[in-house]
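K.L.:
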Amino acid sequence: MDTTVVNTGTEVKAWGGGNKPLNASYGKMMMWFFIVSDALTFSGFLAAYGFSRFKFIESWPIADEVFTHIPFYHEPAPMIYVAFMTFILIMSSVTMVLAVDAGHHMNKAKVTFYMFLTIIGGLIFVGSQAWEWATFIKGDYGAVQTKGGNILQFVDTDGHRVALSDFAISESNERVQHEQKDGIWFSSEGTLPSYTVDEVYKGLEANPNILVRTELLDEHGHKTVLSREESIEQLKNNGKLVVEGANLHVNEYGTSLFANFFFFITGFHGFHVFSGVVINIIIFFNVILGTYEKRKNYEMVEKVGLYWHFVDLVWVFVFTFFYLV
Amino acid sequence: MAHAHKLEILRGLIKFKSNTQKIWGVLILLSIITAVEVVLGIYKPESLMAKFIGMKILNWIFIILTIVKAYYITWDFMHMRDETASLRRMVVWTAVFLICYLIFILLQEGGYIEGIYSTGYVKKDF
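Note that the protein sequences, when read in sequence, are chains A and B. Residue numbers for the first sequence follow the working numbering, so the first one is 21 and each next one is one higher. Residue numbers for the second sequence follow the working numbering, so the first one is 24 and each next one is one higher.
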């Protein structure tokens with residue numbers, strides 16, 4: 021920093037140099053500019069999500085039915101776990117800003133302690149997100165995809181969801197998963213669903229209390245349930261593929277676009293959190309080694325803090341648009 | 024580095040004695056907002072289901088509360104409150120303008136395509 025020219029001797033002229041209209045250091049200002057551009061990237065993704073959602077506004081999955089899981093607790097409880105994740109991230113933002121504040125007071129012990137808490141918070145968040153992904157990929161009830169790509173789910177006469185395994189009739193089945201060792205070495209296929217469409221259809225016929233629920237939303241925002249005749253008709257004529265869980269091709273909860281956007285946006289955000297944790301760890305060790313003590317300022321903690329708060333800021337929006345709205 | 028933090032939030036309604044105290048105060052505020060969002064999200068009161076400018080009132084509430092949260096994260100955690108007006112405007116106005124523009128364009132287009140699907144001759148239910 022000593023080599024920076026701070027005085028050019030021409031201060032009297034506005035354009036003579038030495039002016040600091042923004043009163044911010046180079047590093048901090050560039051972090052702000054990076055944040056602006058990253059914010060625009062995230063807005064691009066979220067706006068694209070909004071575009072697809074508006075396009076299929078009549079059949080979009082209901083988030084409260086998709087994200088209902090809490091670890092070690094088996095009753096469906098929407099919102100609770102994601103609210104916990106949000107709180108963890110806000111909390112780690114608070115410890116980060118406390119670390120910045122301690123840095124202003126040149127208090128190395130406190131900076132170390134709060135940086136440590138921030139890293140722990142970030143790790144809990146990334147872990148929670150991984151768990152949320154795993155649950156989403158695994159799925160819970162199973163569904164049948166039609167020729168047109170729509171999803172048919174199954175409910176009992178009270179409107180409660182019914183899992184495929186509760187009514188499908190298993191038959192002896194010759195079809196086995198094709199693996200590389202059985203044929204041409206470069207061709208294989210993904211895991212086969214537990215049931216075939218035919219088995220699901222036989223199960224539906226045998227259980228008079230089971231109905232098909234389509235993707236379409238009625239005027240109250242509930243999914244449309246077909247009558248018994250329509251259910252059998254729909255599954256018989258259009259049922260094509262049994263879907264369990266969600267991935268980039270199919271999604272048992274509704275349109276596969278929902279899963280695609282969920283994986284892409286929360287994945288991109290999760291990657292930001294992960295890189296934030298890595299950067300925080302680097303800075304944490306720098307603090308312990310006394311790098312900023314020697315430098316006589318903790319501005320680096322502040323710059324990393326800006327990034328970390330930005331990650332929190334993005335999550336606030338992801339939370340709203342994926343789980344609330 | 025600016026040791027002079029501005030210690031007032033809500034236009035001076037609440038004044039804090041120190042920066043640390045302000046941080047905890049903002050945390051409480053953000054937690055209350057999140058709690059309100061979660062409670063509304065779980066119970067979804069029927070009275071807020073009416074439409075207002077193309078969207079449910081409940082969704083408007085969610086979006087406004089989100090922007091309020093974003094404001095406090097940026098202003099108090101990221102210390103935007105303590106930066107010069109020119110830096111603040113450079114960051115905030117640019118982002119807000121471009122994001123509003125993008126959202127308008129894409130949602131308008133999405134709504135148009137939805138209209139084609141539902142009133143046109145595109146068969147989707149098969």
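Glycine included, each C-beta is placed from N, C-alpha and C at the ideal position.
On the criterion of 16 or more Cβ atoms from any shown chain inside 10 Å, does residue 296 of chain A qualify as buried, or is it exposed?
P.N.:
On the first sequence, residue 296 of chain A is found 276 positions in, with the first residue counted as 1. Classification for residue 296 of chain A: buried.
K.L.:
Can you tell which of B:93, B:140 and B:39 has its C-alpha closest to the C-alpha of residue 3 of chain A?
P.N.:
Since the first residue of chain A shown is 21 and the last is 345, residue 3 of chain A is not available in this structure.
K.L.:
Could you please give me the residues that DSSP links to residue 166 of chain A through a beta bridge?
P.N.:
Position 146 of the first sequence, counting from 1, holds the residue named residue 166 of chain A. Note: residue 166 of chain A sits in a beta bridge opposite A:259.
K.L.:
Give the range of the alpha helix (DSSP H) segment to which residue 87 of chain A is assigned.
P.N.:
Along the first sequence, read from residue 1 onward, the residue named residue 87 of chain A stands at position 67. Where residue 87 of chain A is concerned, there is no enclosing alpha helix (DSSP H), given that its DSSP letter is neither H nor E.
K.L.:
Say whether chain A places a C-beta atom closer than 8 Å to the C-beta of residue 143 of chain B.
P.N.:
Locating residue 143 of chain B in the second sequence gives position 120, where the first residue counts as 1. Not one chain A Cβ lies under 8 Å of residue 143 of chain B.
K.L.:
Give every residue of the same chain whose Cβ lies closer than 6 Å to the Cβ of residue 209 of chain A, excluding the five residues on either side of it in the sequence, and list them in chain order.
P.N.:
Within the first sequence, numbered from 1, the residue matching residue 209 of chain A stands at position 189. Only 198 meet the Cβ criterion.
K.L.:
Output the distance between the C-alpha atoms of residue 3 of chain A and residue 293 of chain A, rounded to the nearest integer angstrom.
P.N.:
Missing from the structure shown is residue 3 of chain A; chain A here goes from 21 to 345 and no further.
K.L.:
From residue 140 of chain B to residue 104 of chain A, what does the alpha carbon distance come to, in whole angstroms?
P.N.:
Along the second sequence, read from residue 1 onward, the residue named residue 140 of chain B stands at position 117. Along the first sequence, read from residue 1 onward, the residue named residue 104 of chain A stands at position 84. Cα to Cα, residue 140 of chain B sits roughly 38 Å from residue 104 of chain A.
K.L.:
Can the beta-carbon of residue 92 of chain A be found less than 8 Å from the beta-carbon of residue 152 of chain A?
P.N.:
Working through the first sequence from its first residue, we reach residue 92 of chain A at position 72. Working through the first sequence from its first residue, we reach residue 152 of chain A at position 132. Taking C-beta atoms as the reference points, residue 92 of chain A and residue 152 of chain A fail to come closer than 8 Å.
K.L.:
With distance defined between alpha-carbon atoms, name the residue in A:120, A:233, A:263 and A:303 nearest to residue 156 of chain A.
P.N.:
Sequence index remark: in the first sequence, residue 156 of chain A carries index 136 (1-based). The candidate whose alpha carbon is nearest that of residue 156 of chain A is A:263.
K.L.:
Please classify residue 336 of chain A as buried or exposed, where buried requires at least 16 other C-beta atoms within 10 Å of its C-beta.
P.N.:
As a working mapping, residue 336 of chain A is identified with position 316 in the first sequence. Classification of residue 336 of chain A: buried, given that the 10 Å Cβ count is 16 or more.
K.L.:
If you run the structure through DSSP and keep just helix, strand and coil, what is residue 204 of chain A?
P.N.:
Counted from its first residue, the first sequence places residue 204 of chain A at position 184. Here residue 204 of chain A sits in coil by DSSP.
K.L.:
Does the distance from the CB of residue 134 of chain B to the CB of residue 70 of chain A come in under 8 Å?
P.N.:
Along the second sequence, one-based indexing puts residue 134 of chain B at 111. Along the first sequence, one-based indexing puts residue 70 of chain A at 50. No.
K.L.:
Is any heavy atom in the ligand ZN found nearer than 7 Å to the beta carbon of residue 131 of chain B?
P.N.:
Here there are no bound small molecules, and the ligand ZN is not part of this structure.
K.L.:
In chain A, which residues lie with their C-beta within 7 Å of the C-beta of residue 92 of chain B?
P.N.:
In the second sequence, residue 92 of chain B corresponds to position 69, counting from 1. Under the 7 Å cutoff, chain A gives 336.
K.L.:
According to a CB-to-CB cut-off of less than 7 Å, which residues of the segment 112 to 123 of chain B neighbour chain A?
P.N.:
Contacts with chain A (Cβ-Cβ distance below 7 Å) from the segment 112 to 123 of chain B involve 114, 117, 118, 121 and 122, listed in chain order.
K.L.:
Which parts of the segment 242 to 288 of chain A are runs of the beta strand (DSSP E), unbroken and 3 residues or longer, counting only runs that do not cross its ends?
P.N.:
243 to 245 and 259 to 263
K.L.:
Output, in chain order, the set of chain A residues within a Cβ distance shorter than 9 Å of residue 59 of chain B.
P.N.:
Here residue 59 of chain B refers to the residue found at position 36 when the second sequence is read from its first residue. In chain order: nothing, as chain A lies at least about 11 Å away.
K.L.:
Checking contacts by CB at 8 Å: is residue 329 of chain A closer than that to chain B?
P.N.:
In the first sequence, the residue the question calls residue 329 of chain A occupies position 309. The beta carbon of residue 329 of chain A falls within 8 Å of a beta carbon belonging to chain B, placing the residue at that interface.
K.L.:
Given this structure, state the Cα-to-Cα distance separating residue 33 of chain B from residue 89 of chain B, to the nearest angstrom.
P.N.:
Sequence index remark: in the second sequence, residue 33 of chain B carries index 10 (1-based). Sequence index remark: in the second sequence, residue 89 of chain B carries index 66 (1-based). Residue 33 of chain B and residue 89 of chain B: Cα-Cα distance of roughly 16 Å.
K.L.:
Tell me the rounded alpha-carbon separation between residue 35 of chain B and residue 124 of chain B.
P.N.:
As a first step, residue 35 of chain B is located in the second sequence; it is residue number 12 there, counting from the start. As a first step, residue 124 of chain B is located in the second sequence; it is residue number 101 there, counting from the start. Near 32 Å, if we compare the C-alpha coordinates of residue 124 of chain B and residue 35 of chain B.
K.L.:
Are the CB atoms of residue 265 of chain A and residue 159 of chain A nearer to each other than 8 Å?
P.N.:
If you number the first sequence from 1, residue 265 of chain A lands on position 245. If you number the first sequence from 1, residue 159 of chain A lands on position 139. Yes, Cβ-Cβ distance for residue 265 of chain A and residue 159 of chain A is below 8 Å.
K.L.:
From what residue to what residue does the alpha helix (DSSP H) around residue 174 of chain A run?
P.N.:
By one-based count along the first sequence, residue 174 of chain A stands at place 154. No alpha helix (DSSP H) contains residue 174 of chain A, which is instead part of the beta strand (DSSP E) from 171 to 176.
K.L.:
How far does the beta strand (DSSP E) with residue 42 of chain A in it extend, from its first residue to its last?
P.N.:
For the purposes of this step, residue 42 of chain A is taken as the residue at position 22 of the first sequence. Element bounds for residue 42 of chain A: n/a, residue is neither H nor E.
K.L.:
Could you tell me the alpha carbon to alpha carbon distance between residue 339 of chain A and residue 87 of chain B, rounded to whole angstroms?
P.N.:
For the purposes of this step, residue 339 of chain A is taken as the residue at position 319 of the first sequence. For the purposes of this step, residue 87 of chain B is taken as the residue at position 64 of the second sequence. Answer to the nearest angstrom: the Cα atoms are 13 Å apart.
K.L.:
Can you give me the C-alpha to C-alpha distance between residue 94 of chain A and residue 174 of chain A, rounded to a whole angstrom?
P.N.:
Here residue 94 of chain A corresponds to residue number 74 of the first sequence, with the count starting at 1. Here residue 174 of chain A corresponds to residue number 154 of the first sequence, with the count starting at 1. Straight-line Cα distance between these residues: approximately 20 Å.
K.L.:
Three or more C-beta pairs closer than 8 Å, one from the segment 59 to 71 of chain B and one from the segment 307 to 326 of chain A: is that the case here?
P.N.:
no
K.L.:
What's the gap between the Cα of residue 113 of chain A and the Cα of residue 133 of chain A?
P.N.:
To locate residue 113 of chain A, count along the first sequence from 1; it is residue 93. To locate residue 133 of chain A, count along the first sequence from 1; it is residue 113. Spanning the two alpha carbons is a distance of roughly 14 Å.
K.L.:
Using a Cβ cut-off of 9 Å, which residues of the segment 96 to 113 of chain A contact any Cβ in chain B, in chain order?
P.N.:
From the segment 96 to 113 of chain A, only 97, 98, 99, 100, 102, 103, 106, 107, 110, 111 and 113 have a Cβ closer than 9 Å to chain B.
K.L.:
Measure the CB-CB distance between residue 102 of chain A and residue 82 of chain B and report whether it falls below 8 Å.
P.N.:
Counting from one through the first sequence, the residue named residue 102 of chain A turns up at place 82. Counting from one through the second sequence, the residue named residue 82 of chain B turns up at place 59. Their beta carbons are not under 8 Å apart, which means residue 102 of chain A does not touch residue 82 of chain B by this criterion.
K.L.:
Report the start-end ranges of each alpha helix (DSSP H) in the segment 57 to 119 of chain A that is 4 residues or longer and not cut off at the edges.
P.N.:
83 to 86
K.L.:
Considering only DSSP beta bridges, list what residue 230 of chain A is partnered with.
P.N.:
For the purposes of this step, residue 230 of chain A is taken as residue 210 along the first sequence, with counting starting at 1. Per DSSP, A:176.
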